[in-house]
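**Q** Before I ask anything, let me first share the structure, which is written out below as structure tokens.
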Amino acid sequence: MEIKETAVAGTLESSDIQIMVSEGTNGIAIDLQSDVEKQFGDQIRSVITETLNKLGVTDAKVKAVDKGALDCVVKARTIAAAQRATDTTDQPAWEVL
Amino acid sequence: MKNSVNRDLPDDLMKDLDYKPFETTEIGNPDIQRVAPSVHVSTGDNKLVDSIKQVVADTVKDGMTISFHHHFRNGDFVFNEVMREIIDAGIKNLTLAPSSLTGVMNDMVIEAIKAGTITNITSSGMRGSLGDFVSHGGLKNPVIFRSHGNRARSIEHGDIKIDVAFLGVPNADELGNANGMTGNAVFGSLGYALMDAQYANKVVLLTDNIVSYPNTPASIKQTQVDYVVKVDKVGDPDKIGSGATRFTKDPKELKIASTVNDVIVNSPYFKQGFSFQTGSGGAALAVTRYLRQAMLDNKITASFALGGITKPTTDLLKEGLVDKVMDVQDFDKGAAESMHSNPNQQEIDASWYADPDNKGAMVDQLDVAILSALEIDTKFNVNVMSGSDGVIRGAIGGHQDAGTAKLTIISAPLVRGRIATVVPDVTTVVTPGDSVDVLVTEYGIAINPKRKDLQASLSNLPGVPVFTIEELQQLAEKKVGTPKPLAFTDRTVALIEYRDGTIIDTIKEVKD
Numbered sequence: 007m008e009i010k011e012t013a014v015a016g017t018l019e020s021s022d023i024q025i026m027v028s029e030g031t032n033g034i035a036i037d038l039q040s041d042v043e044k045q046f047g048d049q050i051r052s053v054i055t056e057t058l059n060k061l062g063v064t065d066a067k068v069k070a071v072d073k074g075a076l077d078c079v080v081k082a083r084t085i086a087a088a089q090r091a092t093d094t095t096d097q098p099a100w101e102v103l
Numbered sequence: 012m013k014n015s016v017n018r019d020l021p022d023d024l025m026k027d028l029d030y031k032p033f034e035t036t037e038i039g040n041p042d043i044q045r046v047a048p049s050v051h052v053s054t055g056d057n058k059l060v061d062s063i064k065q066v067v068a069d070t071v072k073d074g075m076t077i078s079f080h081h082h083f084r085n086g087d088f089v090f091n092e093v094m095r096e097i098i099d100a101g102i103k104n105l106t107l108a109p110s111s112l113t114g115v116m117n118d119m120v121i122e123a124i125k126a127g128t129i130t131n132i133t134s135s136g137m138r139g140s141l142g143d144f145v146s147h148g149g150l151k152n153p154v155i156f157r158s159h160g161n162r163a164r165s166i167e168h169g170d171i172k173i174d175v176a177f178l179g180v181p182n183a184d185e186l187g188n189a190n191g192m193t194g195n196a197v198f199g200s201l202g203y204a205l206m207d208a209q210y211a212n213k214v215v216l217l218t219d220n221i222v223s224y225p226n227t228p229a230s231i232k233q234t235q236v237d238y239v240v241k242v243d244k245v246g247d248p249d250k251i252g253s254g255a256t257r258f259t260k261d262p263k264e265l266k267i268a269s270t271v272n273d274v275i276v277n278s279p280y281f282k283q284g285f286s287f288q289t290g291s292g293g294a295a296l297a298v299t300r301y302l303r304q305a306m307l308d309n310k311i312t313a314s315f316a317l318g319g320i321t322k323p324t325t326d327l328l329k330e331g332l333v334d335k336v337m338d339v340q341d342f343d344k345g346a347a348e349s350m351h352s353n354p355n356q357q358e359i360d361a362s363w364y365a366d367p368d369n370k371g372a373m374v375d376q377l378d379v380a381i382l383s384a385l386e387i388d389t390k391f392n393v394n395v396m397s398g399s400d401g402v403i404r405g406a407i408g409g410h411q412d413a414g415t416a417k418l419t420i421i422s423a424p425l426v427r428g429r430i431a432t433v434v435p436d437v438t439t440v441v442t443p444g445d446s447v448d449v450l451v452t453e454y455g456i457a458i459n460p461k462r463k464d465l466q467a468s469l470s471n472l473p474g475v476p477v478f479t480i481e482e483l484q485q486l487a488e489k490k491v492g493t494p495k496p497l498a499f500t501d502r503t504v505a506l507i508e509y510r511d512g513t514i515i516d517t518i519k520e521v522k523d
């Protein structure tokens with residue numbers, strides 16, 4: 007799936023994560039800021055990568071600002087940002103959910 | 012070596028500092044010897060000076076122990092003014108022994124450590140940039156954390172020998188009679204500072220409000236004071252405490268508070284003349300409101316309320332639902348003002364409040380304590396000192412002391428954001444599980460299995476599901492996932508004393 011434009015989903019409220027997806031060339035490159043980096047940084051990165059891969063996105067830059075989001079939130083925000091970035095919001099990727 | 016809460020303690024430090032590992036919450040009935048301060052005799056005629064610099068030059072020498080109180084909290088001007096003079100005078104190797112350290116002091120403490128002025132610290136707690144600095148190995152010698160009751164004990168034992176105490180007060184006369192109740196920057200009870208006034212070799216009062224002699228009521232007395240320093244401002248009244256206490260609207264906190272109330276009301280301790288201590292957090296304040304209604308409904312009054320006092324508590328006093336407020340510190344203006352106007356609000360010092368080595372402290376008479384937690388583990392051990400990232404960001408306060416109440420309730424949300432509060436093992440043990448009786452979360456309660464009597468009285472309350480603490484821990488982990496273990500180096504940056512002076516845990520330098 008091709009990234010057509012930079013897109014963002016999520017807020018900076020506590021328990022949310024803001025994910026910005028933009029064009030990339032070298033796999034999934036994640037720049038993560040999180041208060042729980044030490045305990046959950048790897049987990050958050052793997053959920054984002056896995057979710058993007060399932061959507062068929064293999065090359066993207068991701069900027070993620072986490073405020074303590076649970077995995078389900080990370081996944082939901084990633085899907086929303088990716089579908090906006092790939093201009094596919096009118097075709098919800100049910101199988102990824 | 013390991014202590015009885017299964018924490019590994021560094022043998023070399025334990026030996027060098029002559030510490031014993033924590034064994035039990037029981038204090039027993041030992042005979043102990045207290046120490047007394049030295050007294051520089053005078054008629055008191057020339058105490059009033061206007062230069063901090065001069066007093067520092069006269070009193071503070073390399074290697075001494077100096078102290079402050081934290082009653083001004085984040086409105087404190089005194090600490091930074093005095094420390095500025097001490098650093099500029101080039102004094103080295105001091106032990107800093109305040110009742111606690113507040114955020115407004117952080118930068119100055121870090122500067123003093125870097126300058127070699129401060130080389131040892133003992134405190135109730137530390138937060139923010141200072142906690143971060145110490146957790147990253149900024150101070151060579153480990154910080155010693157003590158509860159408020161333990162600080163009083165340590166001072167009486169001579170474990171903390173204060174050479175000079177710098178105590179800010181909102182009023183004083185020329186000889187040093189002072190209280191915390193009138194003036195511009197009022198904070199109410201002087202509870203923690205009274206220990207310093209009684210036991211320090213030199214007592215320096217700092218005030219922006221010299222009143223006519225003799226000043227009454229005198230909490231600190233002229234017989235204890237060496238110098239009275241006139242300064243421009245001792246503190247910012249707006250930052251000492253929250254002006255008006257707001258009740259939480261957070262449904263999670265309200266749910267926890269109403270459950271805490273259910274636990275109290277259905278416990279064997281809720282009867283005419285019971286006593287209680289609550290904290291100052293949102294849920295604790297809401298508990299006071301629910302408890303008020305329960306007391307009215309059941310026509311029950313309390314004999315005393317204890318500890319850090321807030322306006323909701325003094326309102327109960329005014330209403331006649333509480334007979335006495337035993338007040339070691341006030342968290343808001345309303346409580347501080349009430350102390351001035353209501354003779355049933357008694358100022359108590361930290362020893363009277365919570366010192367275990369005593370002929371009876373108030374906490375020994377306490378029925379119900381409602382306390383908070385950063386973490387609580389499946390052994391009911393509580394951490395109020397280190398954050399989920401392992402960095403120092405809290406204070407023992409009276410947690411270990413009030414934890415000795417007949418019914419100790421920990422009120423805490425099951426998870427905070429992505430961080431579980433109920434965990435397999437707390438990062439730092441501050442209050443041992445043996446002290447803790449009931450955990451209340453928004454999902455339900457867990458009762459310490461050692462309290463079979465409470466299991467019986469609390470097991471069938473409508474709307475209060477009972478879990479084992481292991482079940483609550485698993486529920487939390489299911490929600491947030493399994494965290495990666497924190498990484499620490501071998502270096503000890505802080506020791507946590509239990510209230511009897513044994514070591515209950517250590518804090519290691521964090522590895523980033």
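Chains as they are written, first to last, in the numbering used here: chain H, 7 to 103; chain C, 12 to 523.
Note that the Cβ used here is the ideal one computed from N, Cα and C, for glycine as well.
Just how far apart, CA to CA, sit S111 (chain C) and A86 (chain H)?
**A** Position 100 of the second sequence, counting from 1, holds the residue named residue 111 (chain C). Position 80 of the first sequence, counting from 1, holds the residue named residue 86 (chain H). The alpha-carbon atoms of S111 (chain C) and A86 (chain H) are separated by roughly 47 Å.
**Q** Report the three-state DSSP secondary structure of S230 (chain C) (helix, strand or coil).
**A** Along the second sequence, one-based indexing puts residue 230 (chain C) at 219. Coil.
**Q** So is H159 (chain C) buried or exposed if we call it buried at 16+ other beta carbons inside 10 Å?
**A** Locating residue 159 (chain C) in the second sequence gives position 148, counting from the first residue. The residue is buried, with at least 16 neighbouring Cβ atoms inside 10 Å.
**Q** Extract the residue ranges of the beta strand (DSSP E) inside the stretch 197-282 of chain C, only unbroken runs of 3 or more that lie entirely within it.
**A** Qualifying beta strand (DSSP E) stretches, in chain order: 213-218 and 238-241.
**Q** If the cut is a Cβ gap below 9 Å, which residues of chain H does P494 (chain C) touch?
**A** If you number the second sequence from 1, residue 494 (chain C) lands on position 483. The contacting residues are V42, K44, Q45, F46 and Q49.
**Q** Leaving aside the five residues before and after V66 (chain C) along the sequence, list all residues of the same chain whose C-beta is less than 7 Å from its C-beta, in chain order.
**A** Locating residue 66 (chain C) in the second sequence gives position 55, where the first residue counts as 1. Within the same chain, V66 (chain C) has close Cβ partners V60, V215, Y238 and V240.
**Q** Can you list, in chain order, the residues of its chain whose CB lies under 6 Å from that of L150 (chain C), leaving out five sequence neighbours each side?
**A** Here residue 150 (chain C) corresponds to residue number 139 of the second sequence, with the count starting at 1. Taken in chain order, the residues that qualify are I124.
**Q** Decide if the stretch 369-384 of chain C is in contact with the stretch 205-222 of chain C; the criterion is three or more beta carbon pairs, one per stretch, under 8 Å apart.
**A** Contact between the stretch 369-384 of chain C and the stretch 205-222 of chain C is absent, because fewer than three Cβ pairs lie under 8 Å.
**Q** Return helix, strand or coil for E8 (chain C), following the three-state DSSP convention.
**A** Shown here, chain C extends from 12 to 523; a query on residue 8 (chain C) therefore has no answer.
**Q** Quick one: any contact between the stretch 68-82 of chain H and the stretch 511-520 of chain C, if contact means 3 or more CB pairs under 8 Å?
**A** No: the two stretches stay apart, fewer than three of their Cβ pairs being nearer than 8 Å.
**Q** Under the rule that 16 or more other beta-carbon atoms within 10 Å means buried, what is W100 (chain H), buried or exposed?
**A** Stepping through the first sequence from its first residue, residue 100 (chain H) is reached at position 94. Under this definition W100 (chain H) is an exposed residue.
**Q** Can you tell me the Cβ-Cβ gap for L450 (chain C) and I387 (chain C), rounded? I've got them flagged as a contact below 8 Å.
**A** The residue given as residue 450 (chain C) occupies position 439 in the second sequence. The residue given as residue 387 (chain C) occupies position 376 in the second sequence. Correct: roughly 6 Å between the Cβ atoms.
**Q** Among C:F90, C:S135 and C:T130, which one has its Cα closest to the Cα of D118 (chain C)?
**A** The residue given as residue 118 (chain C) occupies position 107 in the second sequence. Per the Cα distances, C:F90.
**Q** Would you say G293 (chain C) lies against chain A (beta-carbon separation less than 8 Å)?
**A** Looking at the structure shown, chain A is missing, and the protein chains on hand are H and C.
**Q** State buried or exposed for D448 (chain C), treating a residue as buried only when at least 16 other CB atoms are found within 10 Å of its CB.
**A** The sequence position of residue 448 (chain C) within the second sequence is 437, counting from 1. Label assigned to D448 (chain C): buried.
**Q** Going by beta-carbon coordinates alone, are L425 (chain C) and L486 (chain C) separated by less than 8 Å?
**A** In the second sequence, the residue the question calls residue 425 (chain C) occupies position 414. In the second sequence, the residue the question calls residue 486 (chain C) occupies position 475. Their beta carbons are under 8 Å apart, which means L425 (chain C) touches L486 (chain C) by this criterion.
**Q** Using the Cβ count rule (16 or more neighbours within 10 Å means buried), how would you classify S349 (chain C)?
**A** Here residue 349 (chain C) is taken as the residue at index 338 of the second sequence, counted from 1. Per the 10 Å Cβ criterion, buried.
**Q** Just to confirm, is the Cβ distance from S200 (chain C) to V339 (chain C) under 8 Å?
**A** Counted from its first residue, the second sequence places residue 200 (chain C) at position 189. Counted from its first residue, the second sequence places residue 339 (chain C) at position 328. Yes, they are a contact pair.
**Q** Do we get a CB-CB distance below 8 Å when we pair D388 (chain C) with the residues of chain H?
**A** Start at 1 with the first residue of the second sequence, and residue 388 (chain C) comes out as number 377. No, its Cβ sits nowhere closer than 8 Å to a Cβ of chain H.
**Q** Do three or more CB pairs link the stretch 204-215 of chain C to the stretch 159-176 of chain C at distances below 8 Å?
**A** Yes: the two stretches touch, three or more of their Cβ pairs being nearer than 8 Å.
**Q** How should T31 (chain H) be labelled, buried or exposed, when 16 other C-beta atoms within 10 angstroms of its C-beta is the threshold for buried?
**A** Taking the first sequence and counting its residues from 1, one reaches residue 31 (chain H) at position 25. Exposed.
**Q** If I follow the unbroken beta strand (DSSP E) through L328 (chain C), where does it start and stop?
**A** Against the second sequence, residue 328 (chain C) aligns to sequence position 317. Here L328 (chain C) belongs to no beta strand (DSSP E); instead the alpha helix (DSSP H) covers K322 to E330.
**Q** Beta-carbon separation of G252 (chain C) and D343 (chain C) under 8 Å?
**A** For the purposes of this step, residue 252 (chain C) is identified with residue 241 of the second sequence, where counting begins at 1. For the purposes of this step, residue 343 (chain C) is identified with residue 332 of the second sequence, where counting begins at 1. Closer than 8 Å, so yes.
**Q** Would you give the residue range spanned by the alpha helix (DSSP H) that K26 (chain C) belongs to?
**A** For the purposes of this step, residue 26 (chain C) is identified with residue 15 of the second sequence, where counting begins at 1. Looking at the DSSP string, the run of the alpha helix (DSSP H) that includes K26 (chain C) is D22 to D27.
**Q** Below 8 Å on the Cβ atoms is my contact criterion, and I expect N272 (chain C) with V298 (chain C) to pass it. Report the Cβ-Cβ distance as a whole number of Å.
**A** For this step, residue 272 (chain C) is matched to residue 261 along the second sequence. For this step, residue 298 (chain C) is matched to residue 287 along the second sequence. About 6 Å separates the two Cβ atoms, so the contact holds.
**Q** How many Å lie between Q233 (chain C) and V274 (chain C) at the Cα?
**A** Indexing the second sequence from 1 puts residue 233 (chain C) at position 222. Indexing the second sequence from 1 puts residue 274 (chain C) at position 263. About 47 Å.
**Q** Measuring alpha carbon to alpha carbon, tell me which of C:G492, C:G187 and C:I403 ends up nearest N57 (chain C).
**A** The residue you call residue 57 (chain C) lines up with position 46 of the second sequence. Nearest of C:G492, C:G187 and C:I403 to N57 (chain C), Cα basis: C:G187.
**Q** Between R83 (chain H) and the ligand NAD, is there a pair consisting of the residue's CB and a ligand heavy atom that are separated by less than 7 Å?
**A** Absence of the ligand NAD from the depicted structure is noted, as is the absence of any ligand whatsoever, leaving it without description.
**Q** From this set, C:L141, C:Y509, C:P181 and C:T35, which residue's C-alpha is nearest H82 (chain C)'s C-alpha?
**A** Along the second sequence, one-based indexing puts residue 82 (chain C) at 71. With distances taken between Cα atoms, H82 (chain C) lies closest to C:P181.
**Q** Counting only beta-carbon atoms, is I430 (chain C) nearer than 8 Å to chain H?
**A** For this step, residue 430 (chain C) is matched to residue 419 along the second sequence. True, the Cβ-Cβ gap to chain H drops below 8 Å.
**Q** Using the rule of at least 16 other Cβ atoms within 10 Å of the residue's Cβ for burial, across every protein chain shown, is M94 (chain C) buried or exposed?
**A** Locating residue 94 (chain C) in the second sequence gives position 83, counting from the first residue. Classification for M94 (chain C): buried.
**Q** For the beta strand (DSSP E) containing I515 (chain C), list its first residue and its last residue.
**A** As a working mapping, residue 515 (chain C) is identified with position 504 in the second sequence. Element bounds for I515 (chain C): I514 to V521.
**Q** For V552 (chain C) and chain H, any beta-carbon pair shorter than 8 Å?
**A** As shown, chain C starts at 12 and ends at 523. That puts residue 552 (chain C) outside it, with no answer to give.
**Q** By a C-beta neighbour count over all protein chains shown, 10 Å radius and 16 as the cutoff for buried, is T70 (chain C) buried or exposed?
**A** Taking the second sequence and counting its residues from 1, the one referred to as residue 70 (chain C) is at position 59. By the neighbour-count rule (16 or more Cβ atoms within 10 Å), T70 (chain C) is buried.
**Q** Sorted by chain position, which residues of the same chain lie with C-beta nearer than 7 Å to L58 (chain H)'s C-beta, five sequence neighbours on each side aside?
**A** Here residue 58 (chain H) is taken as the residue at index 52 of the first sequence, counted from 1. Here the set comprises I34, A66, T84 and A88.
**Q** Confirm, please, whether the CB-CB distance from A361 (chain C) to V336 (chain C) is below 8 Å.
**A** On the second sequence, residue 336 (chain C) is found 325 positions in, with the first residue counted as 1. On the second sequence, residue 361 (chain C) is found 350 positions in, with the first residue counted as 1. No, they are not a contact pair.
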